[in-house]
Amino acid sequence: MWSIIEQIFPYAIIFTIPLLITALGGLFSERSGIVNIALEGLMVIGAFSGALSIHYMSGVLDNHTLVLWLGLLAAVLAGMLFSILHAFASINLNANQIISGTAINLIATALTVFLARNITGSGNIRISSGFSPSNVPFLSDIPVIGDLFFTKTYPTTWFVLAILFVSSFILYKTRFGLRLRSCGEYPQAAEAAGINVRRVRYSGVLISGAFAGLGGALIIVTQSGEFTGTVAGLGFLALASLIFGQWKPLGVLAATFFFGFASTIANVSQVIPELAVIPPILLKIFPYVVTLIALVIFSKSSQAPKAVGETFDSGKR
Amino acid sequence: MRNTIVSLISIILGLVAGGILMLFIGSNPIEGYSYLLQGALKNLERIGNTLATATPLVFTGLSVAFAFRTGLFNIGASGQMLVGGLAATAVALTFDLSRPILLLVMVLAGLVAGALWAFIPGLLKAKFNVHEVVSTIMMNWIAYWTIYYIVPGYFKGEFLETESKKLAETDTLRAPFLTEMFDGSYINLGLFLAVIAVIIIAFIIDKTTLGFELKAVGFNRFAAEYAGMKVNRNIILSMLISGALAGVGGVALYTGNASSIQIGILPAQGYDGIAVALLGANHPVGVFFAAVLFGILYSGTGFMNAMTEIPPELANTIIAIIIYFAATSVMIERLLNKFKARKSNKEDKSGPVVEKGDS
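Chains as they are written, first to last, in full-length UniProt numbering: chain P, 1 to 317; chain D, 1 to 359.
This is the structure we're talking about:
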């Protein structure tokens, strides 16, 4: 059994990381009071612009690692840029945030494939190679933990974990974090205290765009190596993780890891004899069913930001 | 009236944006749009195909719009379509009944399956206040994987693992007289079902107590409760009807437009339903016209792609942009108000001009 876990672990982490960073982005948006179901579309945008810029830069720059990091940067910028559409609609125009998010999902998937098809002819963009996994020196020699956490890891994994750590700090220990959270709980009070609610919400949505864009590009540089016009529902899964994780950074980490592990088990179940006895359909639907059950359990004590999804009306009390 | 104007302006803006995109990739927008229209409406066969493309969209649009009237957001139409289509396919492949009865049972099976699939999110919403957006998304993926394993396991196609066995022509919603009338198009009886559904739903919403209560719950849940309405029951009922509509939409798609069910795909029509409902201002008749418009865009795009360099994804892009404009209709309404105010200013300079506030 242990050897199975050891085998699965690296794959589970590879699957978890894009989900984690995207859900973390959703956390910033929702904590500021804006529902963001556009995460899926923003991930697609990130995957597209990451793949496209790596594809082009590979011919110009010799340093492949640098190219990959620049590709991630491009994805972050593109995600931010695109999320402005959502921010503008939901903050300035009081649009229904769920409809605006849906529209952005539709635009993102359609537009990226439209452009990709025009560029490559097939609608897919392939990159020559992504990051290669490596052992962390010294730490990978530690028994048990070394094998699980420090063997065959990607540099991006550590990067995302660092972002998680910093985000936690920002959210709970800085003035910006306090303001962000207050805008999601009681924006009228926040405004009375002199906070520019709209500006704070803009930064929440922009951060979610940046993180989701990064999440989308991470799929390209670690798992797939090819943009195909979709992230297969990972954005929605990130949204579910956010709720499952009760809008807290560590909760989100736990929830995304749960999804990562459950999905990996389902994916490899056929080649592992101990797991092959379970019907694959059960393994595949397991995470979704558990999420539904978890939602029922948490429904009594939901930690959802109180003003999330409401349009901001400064006259309301 | 005002909704119609906003929808029309959104459509125009979306088409203009599509034209700009065509210019951007170096194509001629006028040429592109004329090929698109030709592809959708040039001859009877193409018109038939356009109507067939619109048929599932009428159902999913009605489904989303109906839930919306109760203040519910059904993102789960895709999953409900899948299970509806699976139920109908299973009936067609299992039972040996005479055609009229078989078709009736197939439609009923799809209706019930879709309704049951939507019942779970409805129940969770009513009893535990679980947000239906997340629960319907989860149900979509559960449906996706269920189809993924049930179809190859029990109804495997003769040549492909990835799709169900093809239905015999007589076990589908295709009808010889329709196919002939439209010169070999794949238009089918689903269109009639869609028209009937539009009429029934319009009747329920506008003329019945149930419709009134559903709308009341949608406007203000707490006021409705205070007025003695059974809010929870209405939420579940609304989801049931919404799911039933999407389920029949699945029947129309998988046993009418197509004659098999493919695995590994969530039907895009489910998400397009949101767009159709929004553009149709959540009214059944509006939904019908919005679905036909999307049908034109989707079915004309192949011909346009064959005749020009423009990729077929243009249709999706235009639709998505239309929806963004429809979602941000406040912007359009503000412009309209400004325009109106200016006009009345000119006509009557002495009178006070009252501008409508937003809240």
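Built from N, CA and C at the ideal position, the CB exists for glycine as well.
Here the region 275-291 of chain D lies against the region 320-333 of chain D, with 3 or more beta-carbon pairs under 8 Å apart. Listed along the chain, the chain D residues whose CB falls inside 9 Å of the CB of Arg117 (chain P) are Pro311, Pro312, Glu313.
The straight-line gap separating the alpha-carbon atoms of Lys300 (chain P) and Ile125 (chain P) is approximately 45 Å.
The alpha-carbon of Ala254 (chain P) is positioned some 60 Å away from that of Ser344 (chain D). The beta carbon of His131 (chain D) falls within 9 Å of a beta carbon belonging to chain P, placing the residue at that interface. Taking a C-beta distance under 9 Å as the contact criterion, Leu70 (chain P) and Val130 (chain D) do not qualify as a contact pair. Rounded to whole angstroms, the Cβ separation of Ser83 (chain P) and Val221 (chain P) is 21 Å, and the two are not in contact under 8 Å.
A direct Cα-Cα distance of roughly 24 Å separates Ala109 (chain D) from Phe68 (chain D). In the three-state reduction of the DSSP assignment, Ile201 (chain D) falls in the helix class. C-alpha of Leu52 (chain P) to C-alpha of Pro280 (chain P): approximately 35 Å in a straight line.
With 16 or more other CB atoms across the displayed protein chains lying within 10 angstroms of its CB, Thr255 (chain D) is buried. With contact defined as three or more Cβ pairs closer than 8 Å, the region 306-317 of chain D and the region 79-87 of chain D are not in contact. For the C-beta of Gly33 (chain P), not a single chain D residue is nearer than 9 Å; the gap to the nearest is close to 15 Å. Residues of the region 69-102 of chain D whose Cβ lies closer than 8 Å to any Cβ of chain P, in chain order: Phe73, Ile75.
If you draw a straight line from the Cα of Ile107 (chain P) to the Cα of Ile45 (chain P), it is about 10 Å long. Residue-level contact by beta carbon holds for Trp145 (chain D) and chain P, with a gap shorter than 9 Å.
In the three-state reduction of the DSSP assignment, Thr153 (chain P) falls in the strand class.
Given a length threshold of 3 residues, the region 219-288 of chain D has no whole run of the beta strand (DSSP E) inside it.
9 Å or more divides the Cβ of Gly229 (chain P) from the Cβ of Pro18 (chain P). Ranked by Cα distance from Ile14 (chain P), the first of P:Tyr154, P:Leu81, P:Leu115 is P:Tyr154. Below the 9 Å Cβ cutoff, chain P contributes no neighbours of Thr136 (chain D), its closest Cβ being approximately 10 Å away. Contact between the region 51-67 of chain D and the region 93-101 of chain D is absent, with fewer than three C-beta pairs closer than 8 Å. With respect to Thr208 (chain D), Gly18 (chain D) sits apart: the two C-beta atoms are not nearer than 9 Å. Between Lys284 (chain P) and chain D, the shortest Cβ-Cβ separation is below 9 Å. About 7 Å separates the Cβ atoms of Ala54 (chain D) and Phe294 (chain D), confirming a contact at the 8 Å cut-off. Setting aside the 5 residues that flank it on each side, Lys165 (chain D) is surrounded in the same chain by Leu93, Phe155, Lys156, Gly157, Glu158, Ser260, each with a C-beta closer than 8 Å to its C-beta; the list follows chain order. Listed along the chain, the chain P residues whose CB falls inside 8 Å of the CB of Trp117 (chain D) amount to none; the nearest CB is some 13 Å away.
Ile207 (chain P) and Thr22 (chain P) have their C-alpha atoms spaced approximately 10 Å apart. Shown here for Ile142 (chain D): not one same chain residue has a beta carbon closer than 6 Å to its own, the five before and five after excluded.
In this structure, DSSP gives Phe227 (chain P) an extended state, which the three-state scheme calls strand. The DSSP assignment places complete alpha helix (DSSP H) segments of no fewer than 4 residues inside the region 278-339 of chain D at 284-307, 314-327, in order along the chain. DSSP places Ala210 (chain P) inside the alpha helix (DSSP H), whose first and last residues are 197-218. Contact residues of the region 260-274 of chain P toward chain D are absent (C-beta to C-beta distance below 8 Å). Non-local C-beta neighbours of Lys284 (chain P) in its own chain, meaning closer than 6 Å and more than five positions away in sequence, comprise Ala266, ordered along the chain. For Trp145 (chain D), the enclosing alpha helix (DSSP H) begins and ends at 132-154.
The beta carbon of Ser135 (chain D) sits closer than 6 Å to the beta carbons of Pro121, Leu124 from its chain, once the five residues preceding and following it are set aside; these are given in chain order.
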